[in-house]
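For reference, the structure discussed in these notes is given below.
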Amino acid sequence: MDSSKETRQKEITAYLDRIEELEDGTAKAVFLVEDDEDEFSEFVLPADFLPEDAGEGEYLTITISRDENKTQAATDEAHELLKNLEE
980 MDSSKETRQK EITAYLDRIE ELEDGTAKAV FLVEDDEDEF SEFVLPADFL
1030 PEDAGEGEYL TITISRDENK TQAATDEAHE LLKNLEE
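Going by this note's numbering, the first residue of the sequence shown is number 980, and it counts up by one from there.
Quick look at the structure:
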């Protein structure tokens, strides 16, 4: 396995529609993302993931990455666990 860090990513622009306070004292951020057919999908993240100065009504760029090294490490660990179960 190559030791260099290989990542793949995609960036999306999402509209921060609202921040909702929850009963347990935490908050959730509700985003809207427009698709190719001018329809909106809603998704939710913990508000703790937001930059400190982010607020409702703003457009934010969200980066989704896949880290090949971490994925491979998790796969290796799963194989090791399965091997140990078979013994």
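Glycine included, C-beta positions come from ideal geometry on N, C-alpha and C. Since the model is a prediction, treat every value here as computed from it, not as a measurement.
For residue 1001, the CB contacts under 8 angstroms within the same chain, skipping 5 residues up- and downstream, are 1007 in chain order.
With fewer than 16 other Cβ atoms inside 10 Å of its own Cβ, residue 1057 counts as exposed. When secondary structure is reduced to three states using DSSP, residue 1013 falls in the strand class.
In the structure shown, the three-state DSSP call for residue 1050 is helix. Looking at 991, 1063 and 1053, the one whose alpha-carbon comes closest to that of residue 1014 is 991.
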